[in-house]
Amino acid sequence: MSEEMKNGDYRRVQSDALAQVEAGAQILDVNAGIPLTDEPAILADCIQLLQSITDVPLSIDSSIVEALEAGLEVYEGKPLLNSVTGEEERMERVLPLVKKYGCAVVAISNDDTGISEDPDVRFAVAKKIVD
1 MSEEMKNGDY RRVQSDALAQ VEAGAQILDV NAGIPLTDEP AILADCIQLL
51 QSITDVPLSI DSSIVEALEA GLEVYEGKPL LNSVTGEEER MERVLPLVKK
101 YGCAVVAISN DDTGISEDPD VRFAVAKKIV D
């Protein structure tokens, strides 16, 4: 599928998404993490395609902040941003997008040291993200 997407062929994205919706998916996670590609453009293309063929909400997911913003720019409706973490640099770059686009978020309680086994630390990281 990666090679197809690199070449602008999103037929499998479409067929996989429709199959998932037919099987009962109530949300689709969209990630275009393909090395050595224009991930922002591919993610935006996929979001536009999926929103044209289904009403199921999409979760925008990428480790590349520019891809997140490209996806958010084309998303119609209230976006859901996946994988917001407590890593300082990531929060500094992603949380302004959350505010700008009015996103709901899926937060992961990890920070610059990883995911703690201590539930109090995980709670503190989650609180930092929310605050």
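FYI, UniProt numbering numbers position 37 of the sequence shown as 37, with every residue one higher than the one before it. Ideal Cβ placement from N, Cα and C applies to all residues, glycine included.
Checklist entry - What beta strand (DSSP E) runs, 3 residues minimum, are completely inside the UniProt domain "Pterin-binding" (1-131)? => result DSSP runs (the beta strand (DSSP E)) wholly in the UniProt domain "Pterin-binding" (1-131): 28-30, 58-61, 80-85 and 104-108.
Checklist entry - If you pair each beta-carbon of the region 47-54 with each one of the region 88-102, do three or more pairs fall below 8 Å? => result The region 47-54, when compared against the region 88-102, does not touch it at the 8 Å Cβ threshold.
Item to check | Nonlocal neighbours in the same chain, by C-beta distance under 6 Å from V125, ignoring five residues either side | outcome: G86, S109 and D111, listed in sequence order.
Next on the checklist: Taking contact to mean 3 or more Cβ pairs, one atom from each stretch, closer than 8 Å, check whether the region 86-95 and the region 52-59 are in contact.
Outcome noted: In short, these stretches do not touch, since the Cβ pair count stays below three.
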